[in-house]
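When you number the sequence shown by the working numbering, it's gap-free, plus one each residue, and the end is 839. One structure is given here, and the rest of the page talks about it.
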Amino acid sequence: MVVKVVKMKSDQVVVQKNKVPRTYEQMCLDRLKEIGRATAAQWAFAMGYTNPNALRKVIRRIITKTPEKIKIYDKKIPKLYEAL
756 MVVKVVKMKS
766 DQVVVQKNKV
776 PRTYEQMCLD
786 RLKEIGRATA
796 AQWAFAMGYT
806 NPNALRKVIR
816 RIITKTPEKI
826 KIYDKKIPKL
836 YEAL
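Dropping the structure here:
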């Protein structure tokens, strides 16, 4: 959260709070935390998509940029994903 202090002419101090925008990857990870351990298809359906491959690029971006936020169970097919 970003806090911005604005001073008025009459010596009043006003504090404005601006929320930091969340990325789509963060929104997807939050939804994965809600549903728990899931496949990519289950995760895509939980996000409101009808195509099971809809989150393919998003999952790839999460794995490459922030691998510490997701755990992948890849010993069996289909892979299971869990948000940490």
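Even glycine gets a Cβ: it sits at the ideal position worked out from N, Cα and C.
The continuous alpha helix (DSSP H) containing Tyr779 extends over residues 779-790.
Here DSSP, grouped into helix, strand and coil, assigns Lys831 to coil.
Contact between Asn806 and Ala795 does not hold, since the beta-carbon distance rounds to 11 Å and is not under 8 Å.
DSSP places Ala801 within a helical segment (H, G or I) once states are collapsed to three.
Pairing Lys788 with Leu839, the inter-Cα distance amounts to about 8 Å.
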